[in-house]
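**Q** Here you go, one structure.
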Amino acid sequence: MPRPSQTSQPRLASGCRWGTHGEQQVVLFPEGMIRVQGTGRNILELCNGQRTVQEIVATLSERYGTADPVKITEDVSSFLEVLQRKRIVDY
Amino acid sequence: MISNPLALIAEITHRCPLHCVYCSNPLQLVATKAELSTEDWVRVFQEASRLGVLHLHLTGGEPAARTDLKELIAGGHLAGLYTNLITSGIGVSEARMAGLVEAGLDHIQLSFQDSRGEPAGWIAGAKGHTYKVALAQKIRQLPVAFTINLVVHRQNLDHIEEMIEFIEQLQPERVEIAHAQYYGWALKNRDTLLPTPQQLENCMRAVEEAQLRLAGRARIDCVVPDYYARYPKACMGGWGRRLMLIDPSGQALPCHAAGVIPGMQFDNIREHPLEWIWRESAAFQRFRGEQWMPEPCKSCDRRTEDFGGCRCQALLLTGDASATDPVCSLSPDHHLIETARSAAKSDAAQVSWSYRTSMG
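Residue numbers (my numbering), protein chains in the order written: chain C, 1 to 91; chain P, 1 to 360.
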């Protein structure tokens with residue numbers, strides 16, 4: 001499975017969903033959960049299966065103001081690729 | 001401070017149409033008439049959710065042997081738990097499976113005994129392989145996460161590559177290659193189940209190849225069986241630390257096999273709140289933390305990683321539940337494991353099993 005492209009529409013994979021653990025936001029999946037904080041959470045919350053990677057990057061660029069879109073695209077792609085391999089994200 | 005449990009393993013029945021020779025159920029099975037009611041289970045799921053539990057694993061026996069399985073899944077789902085069904089698929093029609101998913105099931109873990117029908121039936125002491133293949137294809141069309149679990153051992157490891165290819169065709173997102181664990185029924189059959197070192201090496205290589213080939217399509221997990229590991233596994237994530245198991249009659253156990261430990265009193269959810277059982281009951285406190293640890297665990301740096309290994313395994317192999325798990329290479333009883341491994345090198349000419357019995 002290659003990296004997501006600009007037009008990929010990432011979403012939580014089948015059987016993966018948001019949950020709360022105490023005060024924390026977590027993503028639940030069959031064998032456990034991951035705590036998602038900071039940038040990772042900001043990315044994942046935008047992954048609704050509708051928005052494209054390009055749109056997600058644009059939203060984040062706007063939110064962070066001065067950040068470099070090329071760098072953000074790189075960060076978003078590698079983050080999604082890692083979660084895709086764990087079968088937590090699909091695109 | 002005592003942490004909250006993260007997962008509840010609900011062994012909702014010990015009834016099962018299969019008789020697998022490595023079944024993880026205790027040798028003393030709970031009778032049907034002693035099983036908890038639907039209402040009791042749903043109340044436990046609600047209590048578990050309030051206690052911080054995230055995952056509910058519905059298992060057995062065969063959980064589908066309970067006619068109220070759909071109500072139990074709905075109960076877990078409405079309590080806010082991530083619900084996982086661990087099933088052989090036998091006795092579940094395609095329509096019923098679709099209904100379970102509608103009721104809120106998040107994940108199905110379907111077990112296979114082999115890629116081939118005949119040896120699968122031999123291990124399970126029952127037919128059903130062809131049906132499971134058809135059911136797997138149906139499950140793949142349902143909106144649910146899908147894991148296939150394959151138990152491996154000396155009798156099937158010689159065709160591990162074929163078994164992985166077979167599973168691959170059924171398109172699960174996850175694959176668990178699970179080495180048999182030697183408790184209960186599997187311990188009775190250990191001499192014919194424990195893999196040889198060559199088989200194990202070949203298995204780990206085949207798994208690595210498949211992990212590369214299937215990257216992004218299926219995640220494959222395979223852990224070295226603890227008889228061949230240098231250090232013990234962190235059984236249940238540590239005693240009374242992450243998981244609790246409720247047996248069909250409502251007894252709360254810190255580990256599947258804890259019933260074998262002499263002198264253990266298990267409290268029942270019919271009589272006590274789940275939170276009290278978790279925090280206060282004698283069973284959950286017995287091996288919690290480090291106070292009980294003997295040497296070499298007590299002064300070992302790994303004690304916060306593996307918690308001294310499995311208490312039930314220590315009891316079964318050494319006769320002392322407080323001993324260091326003998327699978328640890330530092331254990332004074334480690335020779336017991338070495339002896340078992342040597343026995344696995346020479347193959348028995350004729351295999352005779354102890355099949356898991358049906359309910360009495």
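For glycine and all other residues, C-beta sits at the position ideal for the given N, C-alpha and C.
Measure the alpha-carbon distance for C/N48 versus C/T59 and round it to whole angstroms.
**A** Taking the straight line from one Cα to the other gives about 13 Å.
**Q** How big is the Cα-Cα spacing for C/V26 and C/R87?
**A** In a straight line, the C-alpha of C/V26 is about 15 Å away from that of C/R87.
**Q** Take the Cβ of C/G15 as the centre, count every other Cβ of all protein chains shown within 10 Å, and call the residue buried at 16 or more, exposed below.
**A** So C/G15 counts as buried.
**Q** Which residues in chain C have a C-beta closer than 7 Å to the C-beta of P/M147? List them in chain order.
**A** First, the residue type needs correcting, since residue 147 of chain P is Thr and not Met in the sequence shown. By Cβ distance, chain C contributes P30.
**Q** Compare the C-beta of C/G49 with all C-beta atoms of chain P and state if any pair is closer than 8 Å.
**A** It does not: the Cβ of C/G49 has no partner Cβ on chain P nearer than 8 Å.
**Q** Between P/H272, P/I277, P/L315 and P/A218, which has its C-alpha nearest P/P262's C-alpha?
**A** Comparing Cα-Cα distances from P/P262 to each of P/H272, P/I277, P/L315 and P/A218, the minimum goes to P/L315.
**Q** Can you list, in chain order, the residues of its chain whose CB lies under 6 Å from that of P/A180, leaving out five sequence neighbours each side?
**A** Once the five neighbours on either side are set aside, the close Cβ partners of P/A180 are Y22, V151, H153, A186 and L193.
**Q** So for P/L253, helix, strand or coil by DSSP?
**A** Three-state result, P/L253: strand.
**Q** Pairs of beta-carbons, one from the segment 235-248 of chain P and one from the segment 2-15 of chain P, closer than 8 Å: are there three or more?
**A** Yes: the two stretches touch, three or more of their Cβ pairs being nearer than 8 Å.
**Q** Whose C-alpha, out of P/E290, P/L157, P/R341 and P/W276, is nearest the C-alpha of P/L51?
**A** Cα-wise, what sits closest to P/L51 is P/W276.
**Q** Taking the C-alpha atoms as reference points, what is the distance between P/K233 and P/D267?
**A** P/K233 and P/D267: Cα-Cα distance of roughly 26 Å.
**Q** Tell me whether C/T20 is buried or exposed, calling it buried when 16 or more other Cβ atoms sit within 10 Å of its Cβ.
**A** By the 10 Å Cβ count, C/T20 comes out exposed.
**Q** Might you give, ordered along the chain, the residues of its own chain that have their beta carbon closer than 8 Å to the beta carbon of P/A206, omitting 5 neighbours on each side?
**A** Closer than 8 Å at the Cβ level, and outside the excluded window around P/A206, lie I160, E161 and I164.
**Q** Check P/S111 in the structure and name its three-state DSSP category.
**A** DSSP places P/S111 in strand when its eight states are reduced to three.
**Q** Report the residue from C/G38, C/V53 and C/Q24 whose alpha carbon sits nearest the alpha carbon of C/V89.
**A** Closest by alpha carbon: C/V53.
**Q** Since I believe P/A103 is in contact with P/I73 (beta carbons under 8 Å), could you give me their beta-carbon distance rounded to a whole number of angstroms?
**A** About 5 Å separates the two Cβ atoms, so the contact holds.
**Q** Are P/A124 and C/M1 close, meaning C-beta to C-beta below 8 Å?
**A** Their beta carbons are not under 8 Å apart, which means P/A124 does not touch C/M1 by this criterion.
**Q** When you check each C-beta in the segment 58-75 of chain C against every C-beta of chain P, which residues fall closer than 7 Å?
**A** Result list empty, no residue passes.
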